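Here the structure is laid out as structure tokens; the discussion comes afterwards.
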Amino acid sequence: MTKKEKTPQGQRTIMGFDFGTTSIGMAIGQEVTGTASSIGAVKARDGIPNWDDIAIHIEQWQPDLIVVGLPLNMDGTNQHVTFAAKKFGNRLHNHFKIAVETQDERLTTADAKARLFEQGGYKNLGKGNVDGMSAVIILESYFESLWQ
1 MTKKEKTPQG QRTIMGFDFG TTSIGMAIGQ EVTGTASSIG AVKARDGIPN
51 WDDIAIHIEQ WQPDLIVVGL PLNMDGTNQH VTFAAKKFGN RLHNHFKIAV
101 ETQDERLTTA DAKARLFEQG GYKNLGKGNV DGMSAVIILE SYFESLWQ
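Residues 1 to 148 (UniProt numbering) make up the sequence shown, in order.
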């Protein structure tokens, strides 16, 4: 299949991002299986990554869609970082010309830490691991939302 052809919904490769001001977690997922895997994190300065670091992953995985976690307050209202995450999503779209959607990410960090601790104890709770696992959880919740 050439890149010009549109991948049918249900068969897309989707890249997920857990936006943060110092670190941005990344995951890759397959819509057909509804599963995702961490591909680590990239460092950021005030929410701005080295775009070349992200380009390497975009080139490798060729996602059909990008999903950015949207950090909201527990009551669903926006917080300061909500706007920064939306801006990051817009920049991803402008840089790579790939459609971007957002996904509610409330409680993903706590869930990510619990999963990582279960897998390997405290030594597994490094910042990059947590951010990558948060991106996995964001993608998995996006997949779940498609089937509801």
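We put the beta carbon where it would ideally sit given N, CA and C, even for glycine. Source: prediction; values computed, not measured.
The Cβ-Cβ distance between PHE17 and VAL81 does not fall below 8 Å. When C-alpha distances from PRO63 are compared across ASN129, ALA27 and ARG106, the shortest belongs to ALA27.
Taking ASP53 as the centre and dropping the five residues before and after it, the same chain places the C-beta of VAL42 closer than 7 Å to its C-beta, in chain order.
Under a 10 Å Cβ-count criterion, SER145 is classified as exposed, with fewer than 16 other Cβ atoms of the shown protein chains found around its own Cβ. Membership of PHE83 in the alpha helix (DSSP H) is indicated by the continuous run 80-96. Secondary structure note for GLU59: its alpha helix (DSSP H) is the uninterrupted segment 51-61. Among the bridge pairs identified by DSSP, GLN103 is matched with GLY69. DSSP places ASP18 within a strand segment (E or B) once states are collapsed to three.
Apart from the 5 residues on each side of it in sequence, PHE88 sits with its Cβ closer than 7 Å to the Cβ of PHE19, GLY47 and VAL68 in its chain, given in chain order.
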